[in-house]
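With this note's numbering as the guide, the letters of the sequence shown map in order to residues 12 to 201.
Read the structure below first, then the notes.
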Amino acid sequence: MPRHFFELDIDIDAPGRWYLREPTDLDGKPVPDIWTFVSGKTVTDPGPLRVPLSRPGSPLDFDKTTVAGTPIVSGRIASVFRALASNDVQLFPVEVQGQAEPFYLLNVMRVIRCIDDAACEEARLWTPEDGRPDKVGEYHVVSGLRIDTTKVSNAAVFRPWGYLLPIIVDGQLKDALEQTGIVGGQFVEV
12 MPRHFFELDI DIDAPGRWYL REPTDLDGKP VPDIWTFVSG KTVTDPGPLR VPLSRPGSPL
72 DFDKTTVAGT PIVSGRIASV FRALASNDVQ LFPVEVQGQA EPFYLLNVMR VIRCIDDAAC
132 EEARLWTPED GRPDKVGEYH VVSGLRIDTT KVSNAAVFRP WGYLLPIIVD GQLKDALEQT
192 GIVGGQFVEV
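Structure, rendered in structure tokens:
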């Protein structure tokens, strides 16, 4: 039976949703590199972190911070990732402003080269002419993301190489997350 994969993204239409700022240390100092948690790499434990709100609202099980898009998940969502994808993620405890329940920063550590350029609505790579030599060969634009599932192997969660914004989960992980009644996350098949 073929495996199906889905992008896990924020549900911007969640009623009364809160908006999260970037994590800080407990003294309110910004994390030195806010992009480190969306780079698809293992990171050193940052120690205790706090996530302030840029707009109060209803707590969400899955959300991303406003600038870097760092995923923040509730304890029940974290437990699903621990159970089904422990080798592919790191979970760092964070205090979310005004919340007594545990929340976690989700770092997806696995990156797979699997974007199916021909099947996407649009997939363009950075070129030398774009004036960004640090990005040449990576994706400049991806819309209507589609992946080549034959390149995924046994991964339950990963980020696509060259376009690290999306978090991709397999159908089993998606089903388990939906069984928790996840609020704030939505799934789009890729």
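Ideal Cβ placement from N, Cα and C applies to all residues, glycine included.
Taking a contact to mean a Cβ-Cβ separation below 8 Å, would you say residue i touches residue j in this structure?
{"i": "V2", "j": "F16", "result": "What the structure shows of the chain is the stretch from 12 to 201, and residue 2 is not part of that stretch, so it cannot be assessed."}
{"i": "D20", "j": "V168", "result": "no"}
{"i": "A94", "j": "L102", "result": "no"}
{"i": "V194", "j": "A25", "result": "yes"}
Secondary structure at residue i, three-state DSSP: helix, strand or coil?
{"i": "P177", "result": "coil"}
{"i": "T161", "result": "helix"}
{"i": "G86", "result": "helix"}
{"i": "V78", "result": "coil"}
{"i": "L116", "result": "strand"}
Let me know if residue i comes out buried or exposed under the rule of 16 or more other beta-carbons within 10 Å of its beta-carbon.
{"i": "K75", "result": "buried"}
{"i": "N118", "result": "buried"}
{"i": "L184", "result": "buried"}
{"i": "A130", "result": "exposed"}
Do we get a CB-CB distance below 8 Å when we pair residue i with the residues of chain C?
{"i": "T77", "result": "Protein chains in the displayed structure number just one, and chain C is not present."}
Output the boundary residues of the beta strand (DSSP E) element that contains residue i.
{"i": "L64", "result": "64 to 66"}
{"i": "P70", "result": "Careful: P70 lies outside any beta strand (DSSP E) and carries neither H nor E."}
For residue i, report the span of its alpha helix (DSSP H) as first-last.
{"i": "E3", "result": "Residue coverage of the chain in this structure runs from 12 to 201, which leaves residue 3 outside it and unanswerable."}
{"i": "D186", "result": "182 to 190"}
Would you call the stretch 137 to 152 and the stretch 51 to 60 in contact, with 3 or more CB pairs under 8 Å?
no
Is the stretch 137 to 145 close to the stretch 156 to 163, with three or more CB pairs under 8 Å?
no
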